[in-house]
Amino acid sequence: MKLTYLSHSCFFIETSTHRLIIDPFLSGNPLAKTKAEEVECDFVLLSHGHEDHLGDAVAIAKRTGATIIGNYETATYCSQQGANAHPMQLGGAWKFPFGRVKLTIAHHSSSIGTESGFTYMGNPAGIVISADGKTIYHAGDTGLFLDMKLIGELDRIDVALLPIGDNFTMGPEDAARAAEFVNAPLSIPMHFNTFDLIKVDPQRFVSKVKAGGREARVLAIGESIEI
Ligand code: NI
Ligand code: MN
């Protein structure tokens, strides 16, 4: 699998058969170098309904015919906007043409702000994606929780994508603890430096993970790795 970091919590995955994008927040993202209109993919995976994750999902799905995968409320919202969508719920897994997706818990919220208040967008999730014999855990937006150990026990995680920006999610130190709990050989930080409220030095995370005997690596925006 080829994994490319597109900034914030957005990653592009190329399996041997399909192209996936996770949390495609590109329009309005000050760090993104990829335009939503340029994205060609088969599936769009969403951790939750906040606008810095839902992002361009509906526009990309409608233009490309990609299927959106997300929690029931977010997927239903997307299908009401005219996109193909596959609803799931926490703890459930489904075999897609490219591989298996399982939604995990995430301690956060999920909503869209409207003129009349917040619209509920289901439970926020982490996403475990298995394809081509490898497994990636995208933690979504979350605080640290001990059940990350269970996530690492139920599936052998090859790469953990962990939010480190603090304020809305784990900060670097808690995220390094998460890397220990998930026990993946490689952890990659996300959800930092996009906005002032989540400005942190990712090396704080990297050095703490390395001190625990595991690898961590900051991906530059647009950088790819082979898993
Ligand atoms: Ni969020
Ligand atoms: Mn977020």
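Every position in the sequence shown, counted from 1, becomes a number in the numbering used here once 295 is added.
Don't be surprised by glycine CBs; every beta carbon is placed ideally from N, CA and C.
{"Asked": "3-residue-minimum beta strand (DSSP E) runs that sit fully inside the region 435-495, ordered along the chain", "Found": "454-458, 481-485"}
{"Asked": "Candidates Thr489, Val504, Ser406, Ala361: closest to Ser482 by CA position", "Found": "Val504"}
{"Asked": "Cys305 in three-state terms, based on DSSP", "Found": "strand"}
{"Asked": "Extent of the continuous beta strand (DSSP E) run through Phe413", "Found": "412-415"}
{"Asked": "Length-filtered (3 minimum) beta strand (DSSP E) runs lying within the region 369-417", "Found": "379-383, 388-391, 394-400, 406-409, 412-415"}
{"Asked": "The ligand NI heavy atom lying under 7 Å from the CB of Asp592", "Found": "The structure shown does not extend to residue 592, since the chain is modelled only from 296 to 522, so the question has no answer here."}
{"Asked": "Exposure label - Asp460; buried when at least 16 CB within 10 Å", "Found": "The displayed chain sequence assigns Gly, not Asp, to residue 460. Per the 10 Å Cβ criterion, buried."}
{"Asked": "Heavy atom of the ligand NI within 7 Å of His433 beta-carbon", "Found": "no"}
{"Asked": "Contact belief for Gly508 with Phe476 at Cβ below 8 Å, rounded distance in angstroms", "Found": "Not confirmed; about 14 Å, so no contact."}
{"Asked": "Beta-bridge pairing of Ile317 - partner residues as DSSP gives them", "Found": "Phe306, Leu340"}
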